[in-house]
Each structure stands twice: as structure tokens, then as C-alpha cells.
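Single-structure report; data block below.
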Amino acid sequence: MERRAEILTSIPGISDITAAGLIVHIPELGTLTGPRAASLAGLAPVTRESGHWRGRSFIQGGRHRVRRLLYMPAVVAVQHNPALKRKYEVLVAKGKPPKVALTAVMRKLLVLANALVQQDRTWTPHPPREYCCPTFPTPSPAGSVHG
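Each residue of the sequence shown is one higher than the last, beginning at 15 in our numbering.
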């Protein structure tokens, strides 16, 4: 648990209190996929539609304490985490209400925390290449394999 707390507090915006709350309220953190972690916290968008009627997307269900825990860290992350700040600004520029953009930042913060705990590494502003992009074999100089 100490290592999890160290990993979580390395993310800009997440304090000791938030890290402790995440460890208590989502003990599965690090064993879930990104969408599953967001759904467990109730941060996954749900679209209400029926036939031709198109409704709005909203969040619901999940563990409400986790959503409450992540609100203020998301506000802080928008100010101090460059990647999440960009995400927030892009969503607001597209016309999303600020609260909706902040909810998206909360989701990204939780997915990021889950991924870092899974990989057992602390947050860095520029992750190493092996963590961010899969490596693909380079094409042979002779040409395509398929002829």
C-alpha cells in the first residue's frame, strides 16, 4: 500500500488524502482496464437513447465517494498537470461546459492512476517510449513482406 500511495501522490493534483481515499475506496486499482476503472467510479459516460430519440450523455452509478474524491484533484490537475490542462482546454474550446470538461479530467486522472499502479511506476511529465507507444517491427529495406 505504501508503494501505491507513492505512485498516486507522484501525479500532479493527487495529495496524500486523495491517495489514501483511492486506496481505500478502489482497492482494485491497478488490476482493472481503463474503461472498467472509470465505470467502477461512475465516471464513464452513459448515453440515454431510444429509437430515434437522442438524449444526452451523463455519468451515473459507481462509487460516488471516488467521484467526490477526484473533484478537487481534477481542479488542481487542470492548473498543474500539462497534459490534463490541454485536455480541459480542448474540451472547453469545443463548446463543452466547464463541469463536463472537468468530469472528463476526473476520468483521465483515474485512468492514469490505474495505469501507473498497474505498471508500478511513478508519474513523469514525459513517459518513456516503452510505456506510451507499442513497438512495431521496422519494415525491411528489401520491400514489403506481402510482395
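Glycine included, each C-beta is placed from N, C-alpha and C at the ideal position.
For Val92, the number of other beta carbons within 10 angstroms of its own is at least 16, and it is reported as buried.
Contact annotation: Gly76 and Leu54 have beta-carbon atoms nearer than 8 Å.
If the five residues before and after His94 are omitted, its C-beta is found closer than 8 Å to the C-beta atoms of Pro26, Gly27, all from its own chain and listed in chain order. Just measuring C-alpha positions, the residue of Arg135, Ile73, Val89, His78 sitting nearest Ile40 is His78. Taking all protein chains shown into account, Ala88 has 16 or more neighbouring C-beta atoms within 10 Å of its C-beta and is therefore buried. Less than 8 Å separates the beta-carbon of Val119 from that of Lys101.
For Thr117 and Ala127, the gap between their C-alpha atoms comes out near 15 Å. DSSP places Thr61 within a strand segment (E or B) once states are collapsed to three.
For Ser71, DSSP records a beta bridge to Thr61. DSSP places Met15 in the coil class of the three-state scheme, outside both helix and strand. A residue is called buried when at least 16 other Cβ atoms come within 10 angstroms of its Cβ; Lys108 does not meet this threshold and is exposed. For Ile31, the enclosing alpha helix (DSSP H) has its first and last residue at 30-39.
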